[in-house]
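Participant: Dropping a structure here in structure tokens format, bear with me for questions.
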Amino acid sequence: MRDKIKDIVIDEFSKLINLIESDFETNYKKKVNNFLLSQMDERITASMVFVSSFESKSGFAIEACAKRIARIRFGDENVPSIVNPRELSCDIDPSTVSGQIVVTDVDTYNADLRGRIAAFRAHNEAGGRGSKRVESKTTQDTIKASLLPLSEKFKTDRIYTKPVDLAFYDGKNWNICELKAGGDLDSSNAPSNVEKLLTIYVDMGIENCKAYFATLYNKDGEGNVWKGAVKKHLNYPSMFLIGSDFWNKILPNGITFDDFSDIYKSALEEIDLNQRINRMIELCIKEK
Numbered sequence: 014m015r016d017k018i019k020d021i022v023i024d025e026f027s028k029l030i031n032l033i034e035s036d037f038e039t040n041y042k043k044k045v046n047n048f049l050l051s052q053m054d055e056r057i058t059a060s061m062v063f064v065s066s067f068e069s070k071s072g073f074a075i076e077a078c079a080k081r082i083a084r085i086r087f088g089d090e091n092v093p094s095i096v097n098p099r100e101l102s103c104d105i106d107p108s109t110v111s112g113q114i115v116v117t118d119v120d121t122y123n124a125d126l127r128g129r130i131a132a133f134r135a136h137n138e139a140g141g142r143g144s145k146r147v148e149s150k151t152t153q154d155t156i157k158a159s160l161l162p163l164s165e166k167f168k169t170d171r172i173y174t175k176p177v178d179l180a181f182y183d184g185k186n187w188n189i190c191e192l193k194a195g196g197d198l199d200s201s202n203a204p205s206n207v208e209k210l211l212t213i214y215v216d217m218g219i220e221n222c223k224a225y226f227a228t229l230y231n232k233d234g235e236g237n238v239w240k241g242a243v244k245k246h247l248n249y250p251s252m253f254l255i256g257s258d259f260w261n262k263i264l265p266n267g268i269t270f271d272d273f274s275d276i277y278k279s280a281l282e283e284i285d286l287n288q289r290i291n292r293m294i295e296l297c298i299k300e301k
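Basically the numbering used here = 1-based index in the sequence shown + 13.
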């Protein structure tokens, strides 16, 4: 099982490094032309280029890893490319789908529907500070009571699709995740991300569905209480899967988050990540 997970990480991150290598020189030249960085050492500038590129692109690689790992645990049929729990009639070819999409007959783009979801989020915001703080009332139970009925109210004769970061059936419930790297969203972006998740929940249109805001790592340190703007809009911790909680939700039985961390490090060593980074940097500096 460890070897299967390691092979997945090697495959996805090899693709990632190949992609970064292909456009590294172009991105480096753009930074070199930034006079604000002109006093910096060339190696520092090149390192900044790599970190920026890695952070922006690695999310897609680790999301792909998460989906493939979830398939090991729950089976391919329970982590499908086309998420269609109500078995609606559609003729979408799974090979044409990048990632996962939810198939729905709910008018997912209806302005009234979106307004109701936005109003629900705003009405249930967390408030107060310290001992007087009241957590968000947007819970698994309240979305079932208040939002699930909207899937019937806004039902149509048309079929719509909606991208979802990760959706899987665990044998009891469908789980839909809005998946971020560390989840460090600012106050202006948090509401729209929450409303996107709640809209997908309505699109699913089934009772045995849970919605989560998930992060690939705990930006505040594993084991520490996660802090983020999204906590104002979703009940914490019931609507969250942060870092190890997320990975332990999808990793095969017997493989812990600590095991996965070790496997990840070993996989990146095997693809010579550090050597390839240094090689990219050296080539750019020589050609400058």
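Where a beta carbon is used, it is the ideal one built from N, C-alpha and C, also for glycine.
1) When burial is assigned at 16 or more other CB atoms within 10 Å of the CB, is residue 48 buried or exposed?
2) Just to confirm the assignment, what range does the alpha helix (DSSP H) spanning residue 118 have?
3) Out of 208, 174, 231, 211, state which residue places its alpha-carbon closest to the alpha-carbon of residue 196.
4) Kindly provide the ranges of any alpha helix (DSSP H) runs that are 4 or more residues long and lie completely inside the segment 144-211, ordered along the chain.
5) Within this structure, are the beta carbons of residue 216 and residue 115 separated by less than 7 angstroms?
6) Measure from the alpha carbon of residue 36 to the alpha carbon of each residue in 133, 147, 70, then state which is nearest.
7) Name the two residues that bound the continuous alpha helix (DSSP H) containing residue 26.
8) For residue 1, tell me which candidate among 32, 255, 124 has the shortest Cα-Cα distance.
9) Would you identify the three-state DSSP class for residue 95, choosing helix, strand or coil?
10) Evaluate residue 241 with the Cβ neighbour count: other Cβ atoms within 10 Å of its Cβ, from every protein chain shown; 16 or more gives buried, anything less gives exposed.
11) For residue 23, I'd like the list of residues in its chain whose CB is within less than 7 angstroms of its CB, leaving aside the five on either flank, ordered along the chain.
12) Can you tell me the Cα-Cα spacing of residue 25 and residue 41, whole angstroms?
13) Buried or exposed for residue 263, please, with buried defined as at least 16 other CB atoms from any protein chain shown within 10 angstroms of its CB.
14) Okay, do the segment 207-214 and the segment 115-131 touch, 3+ Cβ pairs below 8 angstroms being the bar?
15) For the beta strand (DSSP E) that residue 222 lies in, which residues bound it at each end?
16) Considering Cα atoms alone, identify which of 266, 252, 163, 180 is closest to residue 125.
17) Which term fits residue 82, buried or exposed, when burial requires 16 or more other beta carbons within 10 angstroms of its beta carbon?
18) Between which two residues does the alpha helix (DSSP H) holding residue 73 run?
19) Going by other Cβ atoms of all chains shown within 10 Å of its Cβ, with 16 needed for buried, is residue 219 buried or exposed?
20) Is the segment 185-193 touching the segment 285-294, taking contact as three or more C-beta pairs under 8 angstroms?
21) From 261, 294, 194, 150, pick the residue whose C-alpha is nearest to that of residue 252; which is it?
22) Given that a residue counts as buried once 16 or more other Cβ atoms are within 10 Å of its Cβ, and exposed if not, what is residue 117?
23) Using 10 angstroms around the beta-carbon of residue 29, count the other beta-carbons present and answer buried if the total reaches 16, otherwise exposed.
24) Given a threshold of 16 other Cβ atoms within 10 Å of its Cβ, counted over all protein chains shown, does residue 135 qualify as buried or as exposed?
25) If residue 228 and residue 259 are in contact, beta carbons under 8 angstroms, what's the gap, nearest whole angstrom?
Facilitator: Judging by the given coordinates:
1) Answer is exposed; the Cβ neighbour count stays below 16.
2) Looking at the DSSP string, residue 118 is not in any alpha helix (DSSP H); the run it does join, the beta strand (DSSP E), is 113-119.
3) For the options 208, 174, 231, 211, the alpha carbon positioned closest to that of residue 196 is the one of 231.
4) Qualifying alpha helix (DSSP H) stretches, in chain order: 153-159, 163-166.
5) In this structure, residue 216 sits near residue 115, with a CB-CB distance shorter than 7 angstroms.
6) Answer by Cα proximity: 70.
7) Unbroken alpha helix (DSSP H) run through residue 26: 15-45.
8) In the structure as shown, the chain begins at 14 and stops at 301. Residue 1 is therefore absent and cannot be evaluated.
9) The answer is strand: DSSP assigns residue 95 an E or B state.
10) Its Cβ being crowded by 16 or more others within 10 Å, residue 241 is buried.
11) Annotation for residue 23: 280, 283, 284 place their beta carbon closer than 7 angstroms to its own, counting only its chain and skipping 5 residues before and after.
12) Take the alpha-carbon of residue 25 and the one of residue 41: they are about 24 angstroms apart.
13) Buried, since its Cβ has 16 or more Cβ neighbours within 10 Å.
14) Result yes; three or more Cβ-Cβ pairs closer than 8 angstroms.
15) Segment 222-228, the beta strand (DSSP E) holding residue 222.
16) Measuring C-alpha to C-alpha distances from residue 125 to each of 266, 252, 163, 180 identifies 163 as the nearest.
17) Classification for residue 82: buried.
18) Per DSSP, the continuous alpha helix (DSSP H) segment holding residue 73 begins and ends at 55-87.
19) Exposed.
20) With the rule of 3 Cβ pairs closer than 8 angstroms, the segment 185-193 does not count as touching the segment 285-294.
21) The shortest C-alpha to C-alpha distance from residue 252 to any of 261, 294, 194, 150 is the one to 150.
22) Residue 117 is buried by the Cβ-count criterion.
23) Burial call: buried.
24) Exposed, by the Cβ-count rule.
25) Residue 228 to residue 259, Cβ: 7 angstroms. Contact.
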